[in-house]
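Chemist:
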Amino acid sequence: MKPEPHSRVPRDSIGNAAVFRVLASAEDMLIAVLVFAIFCVVLAGILSRFVFHVSLSWNIEVSVTLMIWMTFIGIAVGVRDRVHVAFELFEDRLSGRWFALASFVQMLLMGFLLVALAWGGWQFMQLGLDQITPSGIPQWISFAAIPAGSALGLLHLVVHAWDVAADAGLDARAPQGHGHTGTRTQ
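If you want it as structure tokens, here you go:
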């Protein structure tokens, strides 16, 4: 969503509770750690191949697994920060109850998608319980990112719905989620 110049920070938002700020910080830190870990694994593969002339057998699988986790945690962060796909063409012309209704419809559609992802990811994870990758990594570790990220996204979606339902976000269309407490001028 693009920022509105007349937006204000949601008042009495459940998303501003300490537990959600801690969760947002943990998610942000996890994304940073995953990016750094991917960097280190890829760099180790490059150095081992070109400096030591030895090819690592595990670095691609590990980096792909880390990338999968980063992607699905990133989806949850996108929902948290409300930078997901939205029908801005209609939102920009709505206010009050109509804006809340449009927000709920969007959240409902996104909720269906996240539930489907969580369910499918859970099934993939169950299939991968007895499988091991050629590098010895249990396959369920990669698949667990799908239900974990989807569940986090659903949690953030519920928090956003609660805020809209509690009349905390009807006029506040700012893209800040409950992880970011920036102030905006009117």
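When we follow this note's numbering, the leftmost residue of the sequence shown carries the number 5, and every step to the right adds one.
Built from N, CA and C at the ideal position, the CB exists for glycine as well.
The model shown is predicted, which means the values in this text are computed figures rather than measured ones.
From this set, Gly153, Gly100 and Val45, which residue's C-alpha is nearest Gly115's C-alpha?
Modeler: Nearest of Gly153, Gly100 and Val45 to Gly115, Cα basis: Gly153.
Chemist: Taking only the alpha-carbon atoms, compute the straight-line gap between Asn20 and Val58 and give it to the nearest angstrom.
Modeler: Taking the straight line from one Cα to the other gives about 50 Å.
Chemist: Cα-Cα, which of Gln110, Trp73 and Trp102 is closest to Val83?
Modeler: Selected option, being the one with the closest Cα: Gln110.
Chemist: Relative to the C-alpha of Phe103, which residue among Ala169, Glu31 and Ile18 is closest?
Modeler: Comparing Cα-Cα distances from Phe103 to each of Ala169, Glu31 and Ile18, the minimum goes to Ala169.
Chemist: Per DSSP, which one or two residues make a beta bridge with Asp142?
Modeler: The question names Asp, yet the displayed sequence has Pro at residue 142. Looking at the DSSP assignment, Pro142 forms a beta bridge with Ile136.
Chemist: Look at Thr145 and Glu65 and say whether their C-beta atoms are less than 7 Å apart.
Modeler: In the sequence under discussion, the amino acid at residue 145 is Ile, which differs from the Thr named in the question. Contact flag unset, no.
Chemist: Closest by CA to Ile79, which one among Asp134, Leu159 and Gln130?
Modeler: Minimum Cα distance to Ile79 is reached at Leu159.
Chemist: Is Gln130 near Gln143, with beta carbons less than 7 Å apart?
Modeler: It is not a contact, given that the beta carbons lie outside the stated cut-off.
Chemist: Helix or strand or just coil, what does DSSP make of Arg53?
Modeler: Helix.
Chemist: How far does the alpha helix (DSSP H) with His160 in it reach, from first residue to last?
Modeler: Note, His160: alpha helix (DSSP H), Ala149 to Ala169.
Chemist: Using 10 angstroms around the beta-carbon of Pro138, count the other beta-carbons present and answer buried if the total reaches 16, otherwise exposed.
Modeler: Under this definition Pro138 is an exposed residue.
Chemist: Tell me whether Val23 sits in a helix, a strand or coil according to DSSP, three-state version.
Modeler: DSSP places Val23 in helix when its eight states are reduced to three.
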